[in-house]
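Notes follow once the structure below has been shown.
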DNA sequence: CAAAACCATGGAGTTAAGTCAACGGTTTTG
DNA sequence: CAAAACCGTTGACTTAACTCCATGGTTTTG
């Protein structure tokens, strides 16, 4: 599919998609039609984009994500320690989730306190 | 305590602390000693800073946090709908945590896959 | 009491992640 | 087939959250 359709279906802007592609997060075949230079995205790009959203929600930077996607599926070329890298990311994300859940609890408590206050304190 | 001590104990830079104060996230009494203009932070600033870290891990912006802290404890002055605001934040954070956990799962799977690969595929 | 260590303010600079604008080709459509 | 709708590239701009720097007071310390 072309960039416009992917943008509509993913909810991202065309600019964002081109940006992600430049960063190596998604890929497109250069238009099979030869005559133009339009990008052609496979259906699975939508899945990848959803996973990118998950990663961003977990606080991952695009640079780290590109590192992950590039290095991990490249079957561990040479001196890249995938296990150590993954372990570090996992620890970071776990810490983040723990903090986020603690915050969520306090938000819920604040909400309950508000609800329990009829009109004035 | 003065800014240097708070910085050491919180792990944040003095600049960050002054920045947070300017944004209304933390408060200090202007030095009781009168002669200088040094900030004087109460012990609880450390707790507040930890909560701020939780909120940031949950994806809250400083602007939203300032809004929360300012409006909510100001006993709902006038036209500010605290319940709606809280409900919106809660929904956002829940969605974020869900996504983050999904990402964490895939990280763990990737890790397990790596561990299961002795030397070559 | 002088040097070192701290603090303040104001403003410029940085980084990440997009976003926008300008200009010029390609496709689609009425 | 001409206008509308798409697409491409390059490069400048934006926003959030800091970070750095310069300049000049205040405290602490040996």
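Residue numbers (this note's numbering), protein chains in the order written: chain A, 59 to 179; chain B, 59 to 179.
A virtual CB, placed ideally from N, CA and C, is assigned to each residue, including glycine.
Identification of chain B residues near residue 140 of chain A by a Cβ-Cβ cut-off of 8 Å yields 172, ordered along the chain.
DSSP, read as helix, strand or coil, puts residue 60 of chain B in coil.
Between the alpha carbons of residue 140 of chain A and residue 174 of chain B lies a distance of about 13 Å. At least 8 Å separates the CB of residue 102 of chain B from every CB of chain A.
The Cβ neighbour count for residue 77 of chain B, taken over all protein chains shown within 10 Å, is under 16; the residue is labelled exposed.
With fewer than 16 other beta carbons inside 10 angstroms of its own, residue 96 of chain B counts as exposed.
Closest by C-alpha distance to residue 110 of chain B, out of B:81, B:88 and B:146, is B:81.
With a cutoff of 8 Å on beta-carbon distance, residue 144 of chain B and residue 83 of chain B are scored as not near each other.
Residue state for residue 98 of chain A is assigned as strand, using DSSP reduced to three classes. Of the residues A:105, A:61, A:115 and A:69, the one whose Cα lies closest to the Cα of residue 87 of chain A is A:61. In the DSSP assignment, residue 139 of chain A falls outside any alpha helix (DSSP H), carrying neither H nor E. Here residue 104 of chain B has 64, 67 and 68 as same chain residues with Cβ atoms under 8 Å from its own Cβ, once five neighbours each way along the sequence are excluded. For residue 87 of chain B, no chain A residue has a Cβ inside 7 Å of its Cβ, as the nearest lies near 25 Å away. For residue 113 of chain A, the C-beta contacts it makes with chain B under 8 Å involve 161, in order along the chain.
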